[in-house]
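J.:
Residue numbers (mature numbering (1 follows the signal peptide of the UniProt record, and there is no 0)): -25 to -1, 1 to 190.
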């Protein structure tokens, strides 16, 4: 009898652990699945009563550029959902930065949003059917890549600086305190000009030659 109880207890423990591991490994029930498809991000979510689909464009959001969210909410059973949908955009760690209540238009529930910074962003979607529903999606806003022209200019500047450094090193090669650069030759001194009205300097006359001796 005691062995049977021990076996039942161990079986209950194993089953509880397996259920906990399955819950931890599986996605959260309120997490919207996000998949990139070409130039857009596809959103999908459902529970036992309702489903939510949508698109987020562009697929790679940039800071300062508008992105568009379009949602479609439907009941799995009963009449189509026509109520309001609330969406909230927030940067990771800064909840509820922008919240909007959307009404249905020709394509569903849609809005535009301009992220101000790069990083991880969340969008929370809430609506009311048989009970309040809430689902969450996460996407990344990336900095724009550097244009190729900017890279070319930077490479040209770096190449010019490197060339100037090499030429400077070549011209300075062999110039040391023991072997300085020799001074330039000095130009011969020019004759002093004669001032106007002044007599030119008289050079001393050579002494007369001695007369020849008598023979």
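Where is the CB? At the ideal position from N, CA and C, for every residue including glycine.
#1: Just checking my contact of residue 58 with residue 103 at CB under 8 Å: how many whole Å lie between their CB atoms?
#2: Under the rule that 16 or more other beta-carbon atoms within 10 Å means buried, what is residue 8, buried or exposed?
#3: Note down the Cα distance separating residue 62 from residue 77, rounded to an integer number of angstroms.
#4: Tell me whether residue 135 is buried or exposed, calling it buried when 16 or more other Cβ atoms sit within 10 Å of its Cβ.
#5: To the nearest angstrom, report how far apart residue 28 and residue 116 are at their CA atoms.
#6: Under three-state DSSP, which class holds residue 94?
#7: Could you check whether residue 46 and residue 89 sit closer than 9 Å to each other, using their CB atoms as the reference points?
#8: For residue 191, which residues of its own chain have a beta-carbon under 7 Å away from its beta-carbon, when the five flanking residues on both sides are left out?
#9: Just to confirm the assignment, what range does the beta strand (DSSP E) spanning residue 9 have?
#10: Going residue by residue through the stretch 16 to 96, where are the continuous beta strand (DSSP E) segments of at least 3 residues, counting only ones entirely within it?
#11: Do you know how far the Cα of residue 142 is from the Cα of residue 38?
#12: Restricting to Cα atoms, I'd like to know which of 24, 113, 110 and 10 is closest to residue 49.
#13: Which partner residues does residue 115 have in the DSSP bridge list?
#14: Could you tell me the alpha carbon to alpha carbon distance between residue 14 and residue 131, rounded to whole angstroms?
#15: Could you tell me if residue 54 is buried or exposed, where buried requires 16 or more neighbouring beta carbons within 10 angstroms of its beta carbon?
#16: Residue 40: which of 140, 118, 19 and 144 sits nearest, CA to CA?
#17: Nearest-angstrom Cα distance between residue 207 and residue 106?
#18: Can you name, in chain order, every residue of its own chain whose Cβ lies under 6 Å from the Cβ of residue 20, other than the five neighbours on each side?
#19: Output yes or no for whether 9 Å exceeds the beta carbon distance between residue 113 and residue 85.
T.: On the basis of the coordinates in this document:
#1: The sequence position of residue 58 within the chain shown is 83, counting from 1. The sequence position of residue 103 within the chain shown is 128, counting from 1. In this structure residue 58 is in contact with residue 103, their Cβ atoms being roughly 6 Å apart against a cut-off of 8 Å.
#2: As a position in the chain shown, residue 8 is number 33, starting the count at 1. Looking at its Cβ environment, which holds fewer than 16 other Cβ atoms inside 10 Å, residue 8 is exposed.
#3: For the purposes of this step, residue 62 is identified with residue 87 of the chain shown, where counting begins at 1. For the purposes of this step, residue 77 is identified with residue 102 of the chain shown, where counting begins at 1. Approximately 8 Å between the Cα atoms of the pair.
#4: Locating residue 135 in the chain shown gives position 160, where the first residue counts as 1. Result: exposed.
#5: As a position in the chain shown, residue 28 is number 53, starting the count at 1. As a position in the chain shown, residue 116 is number 141, starting the count at 1. Answer to the nearest angstrom: the Cα atoms are 21 Å apart.
#6: Locating residue 94 in the chain shown gives position 119, counting from the first residue. Here residue 94 sits in strand by DSSP.
#7: Within the chain shown, the letter at position 114 stands for residue 89. Within the chain shown, the letter at position 71 stands for residue 46. No, the Cβ-Cβ distance between residue 89 and residue 46 is not below 9 Å.
#8: Lying outside -25 to 190, the shown extent of the chain, residue 191 is not represented and no answer is given.
#9: Residue 9 sits at position 34 when you count from the first residue of the chain shown. Note, residue 9: beta strand (DSSP E), 8 to 12.
#10: 25 to 32, 42 to 50, 60 to 66, 69 to 77 and 84 to 88
#11: For the purposes of this step, residue 38 is taken as the residue at position 63 of the chain shown. For the purposes of this step, residue 142 is taken as the residue at position 167 of the chain shown. Residue 38 and residue 142 have their C-alpha atoms spaced approximately 43 Å apart.
#12: In the chain shown, the residue the question calls residue 49 occupies position 74. Closest by alpha carbon: 24.
#13: By one-based count along the chain shown, residue 115 stands at place 140. The partner list for residue 115 (beta bridge, DSSP) reads 95.
#14: Counting from one through the chain shown, the residue named residue 14 turns up at place 39. Counting from one through the chain shown, the residue named residue 131 turns up at place 156. The straight-line gap from Cα to Cα measures roughly 34 Å.
#15: Stepping through the chain shown from its first residue, residue 54 is reached at position 79. In the assembly as shown, residue 54 is an exposed residue. Its beta-carbon has fewer than 16 other beta-carbons within 10 Å.
#16: Position 65 of the chain shown, counting from 1, holds the residue named residue 40. Per the Cα distances, 118.
#17: Lying outside -25 to 190, the shown extent of the chain, residue 207 is not represented and no answer is given.
#18: For this step, residue 20 is matched to residue 45 along the chain shown. So the qualifying residues of the chain are 7, 27 and 110.
#19: The count along the chain shown starts at 1 and reaches residue 113 at position 138. The count along the chain shown starts at 1 and reaches residue 85 at position 110. Not in contact: residue 113 and residue 85 (Cβ atoms no closer than 9 Å).
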